[in-house]
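Student: Supplied in structure tokens, the structure appears directly below.
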Amino acid sequence: MNVMDKQRHALKVIILAAGSGTRAEVPFPKVLQPLGERKIIDYVVNNARRFAQPEDIYVVIGPEGQQVQAHLGGRFNYVLQPQPLGTGHAVQCTAPFLADFDGDLLILYGDTPLFRPSPLRGLVSRHYLKEASLTLFTAVLATPLPYGQIIRNLAGEIIDIIEEADSPPPATHAPYEFNIGAYVVQAAVLYPALAQLQPNNARGEYQLTNCVRLLVQSGLRVANYQSYAAEDALGINTPKDLQEAEFTLQKRLFRPRRVDEENSIRFGTGGWRAVIGEGFTMGHVRRLCQALAHAVVRQNKERQGVVIGYDRRFLSDRAAETAAEVFAGNNITVFLVPEDVPTPLVTYMTADLHAAFGLIFTASHNPPEWNGLKVFHSDGSLLQTAETDRIEAEANQLTADNVVRIALEVARAAHVVRETDYTNQYVDAVESLIDMAAIRQAGLRIAIDPMYGVGQVTLGMILTEARCRLTMIHTHRNPLFGGRSPAPNVEALRQLITTVRDGRFHLGLAMDGDADRIAIVDEQGQYVHINDILLLLYYYLVVHKGQRGGVVRNLATTHMLDRLAAHLGETAYEVPVGFKHITAAMQQHDAVLGGESSGGLTIRGHIQGKDGIFASALVVEMVARTGKTIGELLAAVYAITGQLVTVEEAVPATAAMKVVVPRRLQETAVSHIASYPIIATSHYDGTKFLLENDNWLLLRFSGTEPVLRIFAEADSVAKAAELVAWGKGQLVV
0 MNVMDKQRHA LKVIILAAGS GTRAEVPFPK VLQPLGERKI IDYVVNNARR
50 FAQPEDIYVV IGPEGQQVQA HLGGRFNYVL QPQPLGTGHA VQCTAPFLAD
100 FDGDLLILYG DTPLFRPSPL RGLVSRHYLK EASLTLFTAV LATPLPYGQI
150 IRNLAGEIID IIEEADSPPP ATHAPYEFNI GAYVVQAAVL YPALAQLQPN
200 NARGEYQLTN CVRLLVQSGL RVANYQSYAA EDALGINTPK DLQEAEFTLQ
250 KRLFRPRRVD EENSIRFGTG GWRAVIGEGF TMGHVRRLCQ ALAHAVVRQN
300 KERQGVVIGY DRRFLSDRAA ETAAEVFAGN NITVFLVPED VPTPLVTYMT
350 ADLHAAFGLI FTASHNPPEW NGLKVFHSDG SLLQTAETDR IEAEANQLTA
400 DNVVRIALEV ARAAHVVRET DYTNQYVDAV ESLIDMAAIR QAGLRIAIDP
450 MYGVGQVTLG MILTEARCRL TMIHTHRNPL FGGRSPAPNV EALRQLITTV
500 RDGRFHLGLA MDGDADRIAI VDEQGQYVHI NDILLLLYYY LVVHKGQRGG
550 VVRNLATTHM LDRLAAHLGE TAYEVPVGFK HITAAMQQHD AVLGGESSGG
600 LTIRGHIQGK DGIFASALVV EMVARTGKTI GELLAAVYAI TGQLVTVEEA
650 VPATAAMKVV VPRRLQETAV SHIASYPIIA TSHYDGTKFL LENDNWLLLR
700 FSGTEPVLRI FAEADSVAKA AELVAWGKGQ LVV
């Protein structure tokens with residue numbers, strides 16, 4: 000039997016929870032004191048359940064332990080310790096239930112809640128690997144604590160534990176090694192040792208740690224697993240300990256850390272995204288595509304096929320081929336794009352072919368270590384949340400044995416996988432919506448930064464055919480994107496800004512890694528915020544092109560659009576973050592334009608998704624047809640709307656923060672932010688505070704990255720920054 004099998008099948012857990020709290024100077028029972036969002040014992044029980052089912056967990060309680068039993072429920076075994084005679088006596092009380100158990104026991108203290116799961120797994124694993132009779136959880140600390148001190152012989156072997164109450168203590172110097180209160184021990188050697196214990200302090204207590212000496216004297220192996228985190232050693236014995244534990248939990252909740260993916264697939268607002276090698280693996284790609292193939296088969300859409308494309312990220316091309324093998328193995332026709340392409344091209348291709356699904360492997364603007372998958376309906380729209388919930392649930396239930404696939408070369412030979420180049424059709428579709436003649440007559444000089452992504456070929460075709468003079472930077476394939484995220488923000492576009500300014504270009508255009516988002520730099524080399532781009536394009540479409548209809552924005556996008564729409568006699572519609580909500584609202588209200596402050600937009604009559612290629616061409620058309628610079632156009636719009644300033648900040652977030660922060664914001668009554676009165680509060684997508692004069696603050700967890708985004712729009716940069724600072728202050732306890 001290997002180590003994991005032993006842990007699963009030969010381990011029971013004892014939790015010592017009989018302490019009354021008298022010595023802790025807190026009301027009893029001590030383990031029911033609140034700690035963070037739960038009780039102290041809840042953390043211990045959660046750790047115990049990682050190693051045993053409830054029926055294999057024994058909770059030792061004192062005379063008042065009915066409160067503990069009422070809190071935890073009837074799933075566990077409860078053992079009464081009628082008198083507080085020490086930890087050894089508490090464990091001995093379990094003998095009638097476990098003395099004949101031929102396995103190992105994990106013993107945890109009910110008032111030591113800060114153990115992390117991974118070190119506990121290390122403790123259990125080391126016990127089996129060392130073939131020990133008893134394995135202790137220890138820590139080496141710079142200062143002494145009131146815990147049992149580990150004594151070793153010259154060979155480094157554990158020979159004893161000296162408790163604080165024992166006198167005199169051995170003469171040792173820092174660093175100190177302590178027993179911090181968790182054990183794995185063979186039941187067959189523990190209970191005979193417990194029977195030999197004698198009370199060894201003024202309180203007449205039987206100490207569990209004295210078993211160490213007895214086991215060593217019997218020639219049995221005693222091992223240890225060492226924790227390197229001092230916070231693991233904290234037990235709750237005083238109110239000060241409780242306060243320190245609260246602080247430790249908060250540090251853990253808000254401590255930025257590398258994302259560790261478990262064996263699961265999770266969709267966010269923009270599809271499935273995960274860190275390469277953690278969550279993004281070919282195994283997960285196969286399981287997810289098998290779940291999607293099941294959906295195609297259930298709907299009898301095999302002959303409609305699926306479109307599969309990919310961007311320039313590491314492993315995107317391999318993932319596309321892997322996906323093609325799975326769909327082909329399920330008798331579903333695959334239209335495999337033969338080169339890296341923009342996401343909007345796949346969106347258009349899916350709708351034009353009326354495929355069952357469209358897939359593109361991309362993580363959009365996420366950092367280079369990420370990859371993922373966007374999935375589209377037959378009309379090119381993103382899947383809604385209820386659909387992705389069903390697909391991810393099915394994918395997570397599948398195993399490698401459930402995946403049906405055939406080799407790619409076999410699928411190609413059978414023509415079930417067909418390489419299909421759709422670049423010309425997509426370019427023609429964009430050009431049909433753009434006034435190419437007006438651009439040809441303008442003689443514009445344009446600098447383009449595709450950010451090492453996939454936008455340069457299609458946008459280059461369109462603007463070259465429109466007779467623009469183009470200069471492109473960052474065009475070659477670089478899966479590291481120059482060492483930064485391929486997000487078109489001002490920090491990432493310094494070279495484009497310099498190129499436009501020094502080269503006296505009329506315009507600078509940038510797109511993110513998969514070319515569904517845009518940014519622009521004006522003729523002065525000034526970065527133009529996407530909120531301003533949305534204002535300009537909505538104004539241009541209604542005033543200069545004569546289109547009528549409202550505008551759709553998400554709740555993180557400028558309220559100046561609302562002011563402009565009202566001036567034009569139209570309506571602005573607010574939706575949650577996620578472009579699927581924007582396209583759905585555009586269809587519902589027949590809106591002219593839909594956009595988001597992260598750089599995505601589309602217009603009525605185009606694809607049901609954001610398109611950085613089309614948006615860039617439309618900006619060029621606007622400059623060409625109006626004969627005005629971006630600065631002049633913005634001045635005309637600001638004369639209508641006034642000017643609000645947006646400040647945004649991203650704070651690294653943990654999974655626990657996504658639970659704690661929204662709950663805190665909903666439960667805390669707030670009437671003012673600094674000196675500014677709140678006129679309304681919304682919790683329907685994050686928490687948004689509405690202030691006077693269209694000022695607002697939004698705190699919302701990203702659906703695509705492990706960050707909390709804080710947005711503010713206000714009358715000045717200083718005020719917006721003040722709002723963001725207040726929002727960050729809500730994260731501190």
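Take the sequence shown: its letters are residues 0 to 732, numbered as in numbering that gives the first Met the number 0.
Note that the Cβ used here is the ideal one computed from N, Cα and C, for glycine as well.
Do Gly454 and Arg311 have their CB atoms nearer than 8 Å?
Tutor: In the sequence shown, residue 454 corresponds to position 455, counting from 1. In the sequence shown, residue 311 corresponds to position 312, counting from 1. Their beta carbons are not under 8 Å apart, which means Gly454 does not touch Arg311 by this criterion.
Student: Kindly list the residues whose CB is nearer than 7 Å to the CB of Leu722, restricted to its own chain and excluding five residues on each side of it in sequence; keep chain order.
Tutor: Residue numbering aside, residue 722 sits at position 723 when the sequence shown is read from its first letter. Here the set comprises Ile672, Leu696, Ala711, Ala713.
Student: In its own chain, which residues sit with a C-beta less than 6 Å from the C-beta of Val184, not counting the 5 before and 5 after it?
Tutor: Stepping through the sequence shown from its first residue, residue 184 is reached at position 185. So the qualifying residues of the chain are Leu104, Leu133.
Student: If Val12 and Gly109 are in contact, beta carbons under 8 Å, what's the gap, nearest whole angstrom?
Tutor: Within the sequence shown, residue 12 is the residue found at index 13, counting from 1. Within the sequence shown, residue 109 is the residue found at index 110, counting from 1. In fact, because the Cβ distance is near 11 Å, the residues do not count as touching under 8 Å.
Student: What number of angstroms, rounded off, separates the C-alpha of Arg285 from the C-alpha of Gly276?
Tutor: As a working note, residue 285 is residue 286 in the sequence shown. As a working note, residue 276 is residue 277 in the sequence shown. Answer to the nearest angstrom: the Cα atoms are 15 Å apart.
Student: Can you tell me where the alpha helix (DSSP H) holding Arg624 begins and where it ends?
Tutor: If you number the sequence shown from 1, residue 624 lands on position 625. Here the alpha helix (DSSP H) through Arg624 covers 611–625.
Student: Taking buried to mean at least 16 other C-beta atoms within 10 Å of its own C-beta, is Lys627 buried or exposed?
Tutor: In the sequence shown, the residue the question calls residue 627 occupies position 628. It is exposed - the Cβ of Lys627 has fewer than 16 other Cβ atoms within 10 Å.
Student: So, with DSSP's three-state summary, where would you put Tyr127?
Tutor: Position 128 of the sequence shown, counted from the first residue, corresponds to residue 127. In the structure shown, Tyr127 sits in a helix (DSSP, three-state: H, G or I).
Student: Would you tell me roughly how many angstroms separate the C-alpha atoms of Val659 and Ile581, rounded to the nearest one?
Tutor: Start at 1 with the first residue of the sequence shown, and residue 659 comes out as number 660. Start at 1 with the first residue of the sequence shown, and residue 581 comes out as number 582. About 28 Å.
Student: Asn45 lies in the alpha helix (DSSP H); which residues open and close that run?
Tutor: By 1-based counting over the sequence shown, the position of residue 45 is 46. 39–47 is the extent of the alpha helix (DSSP H) around Asn45.
Student: With a cut-off of 8 Å on the beta carbons, I'd call Ala131 and Val67 a contact; round off their distance for me.
Tutor: For the purposes of this step, residue 131 is taken as the residue at position 132 of the sequence shown. For the purposes of this step, residue 67 is taken as the residue at position 68 of the sequence shown. Not confirmed; about 31 Å, so no contact.
Student: How would you call Thr398, buried or exposed, if buried means at least 16 neighbouring beta carbons within 10 angstroms?
Tutor: Your numbering for residue 398 matches position 399 in the sequence shown. Answer is exposed; the Cβ neighbour count stays below 16.
Student: Rounding to the nearest angstrom, what Cα-Cα distance links Asp427 and Ala318 in this structure?
Tutor: Counting from one through the sequence shown, the residue named residue 427 turns up at place 428. Counting from one through the sequence shown, the residue named residue 318 turns up at place 319. Those two C-alpha atoms are separated by around 28 Å.
Student: Between the stretch 632–641 and the stretch 674–690, can you find at least three pairs of beta-carbon atoms closer than 8 Å?
Tutor: At 8 Å Cβ cutoff, the stretches do not touch.
Student: With H, G and I counted as helix, E and B as strand and the rest as coil, what does DSSP make of Gly109?
Tutor: Taking the first residue of the sequence shown as 1, we reach residue 109 at position 110. Gly109 falls in the coil class under three-state DSSP.
Student: Is the number of C-beta pairs between the stretch 503–512 and the stretch 528–546 that are closer than 8 Å three or more?
Tutor: Not touching, per the Cβ criterion.
Student: Would you tell me roughly how many angstroms separate the C-alpha atoms of Ala491 and Pro485, rounded to the nearest one?
Tutor: As a working mapping, residue 491 is identified with position 492 in the sequence shown. As a working mapping, residue 485 is identified with position 486 in the sequence shown. So the two alpha carbons sit approximately 8 Å from each other.
Student: Taking C-alpha atoms, which residue in Ala47, Gly371, Leu291 lies nearest to Asn401?
Tutor: Along the sequence shown, one-based indexing puts residue 401 at 402. For Asn401, the nearest C-alpha among the options comes from Leu291.
Student: For Gln440, count neighbouring Cβ atoms within 10 angstroms of its own Cβ and tell me buried if that reaches 16, exposed if not.
Tutor: Against the sequence shown, residue 440 aligns to sequence position 441. The residue is exposed, with fewer than 16 neighbouring Cβ atoms inside 10 Å.
Student: Should Asn370 be labelled buried (16 or more other beta-carbon atoms within 10 Å of its own) or exposed?
Tutor: Here residue 370 refers to the residue found at position 371 when the sequence shown is read from its first residue. When all chains shown are included, Asn370 counts as buried.
Student: Counting only beta-carbon separations shorter than 8 Å, does Tyr175 have a partner in chain C?
Tutor: As a matter of chain content, chain C is missing from the structure shown, which is built from one protein chain.
Student: For Asp693 and His558, which I take to be in contact (beta-carbon distance under 8 Å), what is that distance rounded to the nearest angstrom?
Tutor: Taking the first residue of the sequence shown as position 1, residue 693 is located at position 694. Taking the first residue of the sequence shown as position 1, residue 558 is located at position 559. Right, the Cβ-Cβ distance comes to about 4 Å (below 8 Å), so this counts as a contact.
Student: Among the residues of its own chain, which have a CB less than 6 Å from the CB of Glu522, if the five just before and after it don't count?
Tutor: Translated into positions along the sequence shown, residue 522 becomes position 523. So the qualifying residues of the chain are His505, Thr628.
Student: Mapping DSSP to helix, strand and coil, what is Leu754?
Tutor: Residue 754 lies beyond the stretch modelled for the chain, which goes from 0 to 732, so this question has no answer here.
Student: Could you please give the first and the last residue of the uninterrupted alpha helix (DSSP H) stretch that includes Thr601?
Tutor: Taking the sequence shown and counting its residues from 1, the one referred to as residue 601 is at position 602. Per DSSP, Thr601 belongs to no alpha helix (DSSP H); it is in the beta strand (DSSP E), 600–602.
Student: If we ignore side chains and look at the alpha-carbon of each, how far apart do Glu741 and Glu230 end up?
Tutor: Nothing can be reported for residue 741, as the shown portion of the chain is limited to 0 through 732.
Student: Could you check what DSSP says for Lys300 in three-state terms: helix, strand or coil?
Tutor: Counting from 1 along the sequence shown, the entry for residue 300 is found at position 301. Residue state, collapsed to three classes: coil.
Student: Kindly identify the DSSP beta-bridge partner or partners of Thr736.
Tutor: There is no way to answer for residue 736, as the model of the chain reaches only from 0 to 732.
Student: Skipping 5 residues on each side, what residues in its chain have a beta carbon closer than 7 Å to that of Ser681?
Tutor: Taking the sequence shown and counting its residues from 1, one reaches residue 681 at position 682. If we look at Ser681 and ignore the five residues flanking it on each side, its Cβ neighbours are Lys687.
Student: Would you mind giving the Cβ-Cβ distance between Thr332 and Gly304, rounded to the nearest angstrom? I have them listed as a contact below 8 Å.
Tutor: Against the sequence shown, residue 332 aligns to sequence position 333. Against the sequence shown, residue 304 aligns to sequence position 305. Contact holds; Cβ gap of about 3 Å.
Student: Just checking my contact of Lys609 with Arg516 at CB under 8 Å: how many whole Å lie between their CB atoms?
Tutor: Stepping through the sequence shown from its first residue, residue 609 is reached at position 610. Stepping through the sequence shown from its first residue, residue 516 is reached at position 517. The Cβ separation is near 6 Å, so the contact holds.
Student: Counting only the same chain and skipping the five closest in sequence on each side, list residues whose C-beta sits under 6 Å from that of Met621.
Tutor: For the purposes of this step, residue 621 is taken as the residue at position 622 of the sequence shown. Excluding sequence neighbours, Met621 sits near Tyr539.
Student: Out of Val58, Thr342, Ile264, Pro341, state which residue places its alpha-carbon closest to the alpha-carbon of Arg74.
Tutor: The residue labelled residue 74 in the question sits at position 75 within the sequence shown. Checked all of Val58, Thr342, Ile264, Pro341; the closest Cα to Arg74 is Val58.
Student: For a test of the three-state rule: what should DSSP assign to Asn330, helix, strand or coil?
Tutor: Counted from its first residue, the sequence shown places residue 330 at position 331. Three-state result, Asn330: coil.
Student: Considering only residues of the same chain and omitting the five flanking positions on each side of Gly379, which have a CB-CB separation below 8 Å?
Tutor: Sequence index remark: in the sequence shown, residue 379 carries index 380 (1-based). Hits under 8 Å: Thr346, Tyr347, Thr349, Ala350, Gly357, Ile606, Gln607, Gly608.
Student: Would you grab the beta carbon distance between Gly269 and Lys373 for me? Rounded to a whole angstrom, and I think it's under 8 Å.
Tutor: Here residue 269 corresponds to residue number 270 of the sequence shown, with the count starting at 1. Here residue 373 corresponds to residue number 374 of the sequence shown, with the count starting at 1. Correct: roughly 7 Å between the Cβ atoms.
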